[in-house]
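This report refers to the structure that appears directly beneath it.
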Amino acid sequence: MQASVPSTAALSPQNNLAKSEGTLREWVFGENPPMVSPAAASLLPVTNATIKDVPPILLPFVREDDYLSALSSRFSDIAHSANPKLESALSTGLTLLAMYLVIYPCHHPLIGLHCLELAKVVWNVGIVTPTEEAKCAPMAGKLLDLARSTMVVSLPSSGFEGEDGSSPWKDLQNLEALLGIDVKD
């Protein structure tokens, strides 16, 4: 992982949640998460971490199934909110992405699907909050790049269609078209 984790106060999901989640994001992404910093590379960090690599103060996150479920629900609530806020969407979405990067291999389908979902949420924030639009489009584009680079390895382009014909690949292509991203398949 990239950043050193402070060893002072015991951080846990029960003790100062926002600070703990910030520490988790910094440990996984460093100071410049690839999807929010123009200067950062557009690649996800390859963790190759095992449970032995996780700093002890972050172990409650990795070991607590209830926390991952609650975090996922919190992100879903933000994603389906009528008026999502960029800051909460990013902090919750990036925390969930950080958890997935610690738990799963770097090309796990869930990582690509989450990057796609986070891109949709960020895009929606830009639509409903015009003052955020200039920030949201480039972030959504980077998240789509990350989603595509993961999904191309781990998720077949067919066979995952819903009854209505929807699929993650169609969602990705539709949002790329909205953002004016031309991808050669």
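Its first residue numbered 5, the sequence shown is counted upward by one per residue in the numbering used here.
Ideal placement from N, C-alpha and C gives every residue a C-beta, glycine not left out.
- For H118, the enclosing alpha helix (DSSP H) has its first and last residue at P113 to V132.
- Pairing A123 with L100 gives a Cβ-Cβ distance that is not under 8 Å.
- If you look at G145, you'll find it in the alpha helix (DSSP H) that goes E137 to S158.
- Judged by DSSP in its simplified three-state form, N178 adopts helix.
- CA-to-CA, the gap between P134 and D168 works out to about 31 Å.
- Listed in chain order, the non-local C-beta contacts of E180 below 7 Å within the same chain comprise L148 and V187, local neighbours out to five positions each way being set aside.
- Per DSSP, reduced to three states, the secondary structure at S24 is helical.
- DSSP places D186 outside both helix and strand once states are collapsed to three, so it counts as coil.
- The criterion of a C-beta distance shorter than 8 Å is satisfied by N87 and V132.
- Membership of E91 in the alpha helix (DSSP H) is indicated by the continuous run L90 to I107.
- The beta carbon of H118 lies closer than 7 Å to those of L100, L101 and Y104 in the same chain, with the five residues before and after it left out.
- Taking C-alpha positions only, E91 is separated from V157 by approximately 30 Å.
- The alpha-carbon separation between G130 and H112 amounts to approximately 28 Å.
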